[in-house]
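Visitor: In short: position in the sequence shown from 1, add 4, done, that's the working numbering. Okay, handing you the structure first.
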Amino acid sequence: MHVLILGGTTEARRLAELLAAERLPGLRVTNSLAGRVAAPRMPPGEVRVGGFGGAEGLAVWLGEHTVDLLVDATHPFAGTISFNAARAAATARIPLLALRRPGWAPAAGDDWHEAGSLAEAAALL
């Protein structure tokens with residue numbers, strides 16, 4: 005089984021580490037990094053750096069590299085790659101696992117400040 009992890013996040017690296025530690029026979033993991041960080045912490049397994057050329061390019065890459073599972077473990081604000089991942093997985097007819105961070109919730113000891121607009125938020129800084 006070939007798994008492509010779209011990453012660059014702590015969650016993506018941790019998943020790659022867990023899969024590597026399992027040493028499952030026949031499991032191949034490729035990690036994809038966007039290439040926007042000068043010296044990223046490299047995850048275990050194969051690593052590719054750079055874009056795919058949109059959803060169509062990613063779908064082609066998935067087929068050419070016989071990927072069986074696509075994991076979207078990208079940054080929460082990386083909406084374009086998540087959208088492209090969903091389209092590419094559908095085009096390539098492979099499963100997509102999207103890892104999502106839980107939202108922030110107030111906890112004891114926090115010091116939250118709420119603002120009704122960007123101007124109010126800027127004034128709080």
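We treat Cβ as the ideally placed atom computed from N, Cα and C, and that holds for glycine. Keep in mind that this is a model prediction, so the values were computed, not measured.
Could you spell out where the alpha helix (DSSP H) holding L22 opens and where it closes?
Guide: Its alpha helix (DSSP H) spans residues 14-26.
Visitor: Assuming A77 contacts L19 under a Cβ cut-off of 8 Å, what Cβ separation, rounded to an integer in Å, is found between them?
Guide: The pair is a contact, with the Cβ atoms about 6 Å apart (cut-off 8 Å).
Visitor: Note down, in chain order, each residue of its chain lying with its Cβ closer than 6 Å to the Cβ of L47, except the 5 sequence neighbours on either side.
Guide: Here the sequence assigns Pro to residue 47, which means Leu is not the residue at that position. Around P47: R17, A20, N35.
Visitor: With distances taken Cα to Cα, identify the nearest neighbour of V33 among A119, A127, I98, L73.
Guide: Ranking the options by Cα distance to V33, first place goes to L73.
Visitor: When the distance is taken between beta carbons, is L31 closer than 8 Å to V75?
Guide: No. Outside cutoff.
Visitor: With contact counted as at least three CB pairs below 8 Å, one residue from each stretch, are the stretch 87-104 and the stretch 114-127 in contact?
Guide: With the cut-off at 8 Å, the stretch 87-104 and the stretch 114-127 do not touch.
Visitor: Look up S36 in the DSSP assignment and give the residues it is bridged to.
Guide: DSSP, once it has assigned bridges, lists L10, R52 as partnering S36.
Visitor: Classify L66 as buried or exposed, calling it buried when 16 or more other Cβ atoms lie within 10 Å of its own Cβ.
Guide: Buried: at least 16 other Cβ atoms inside 10 Å.
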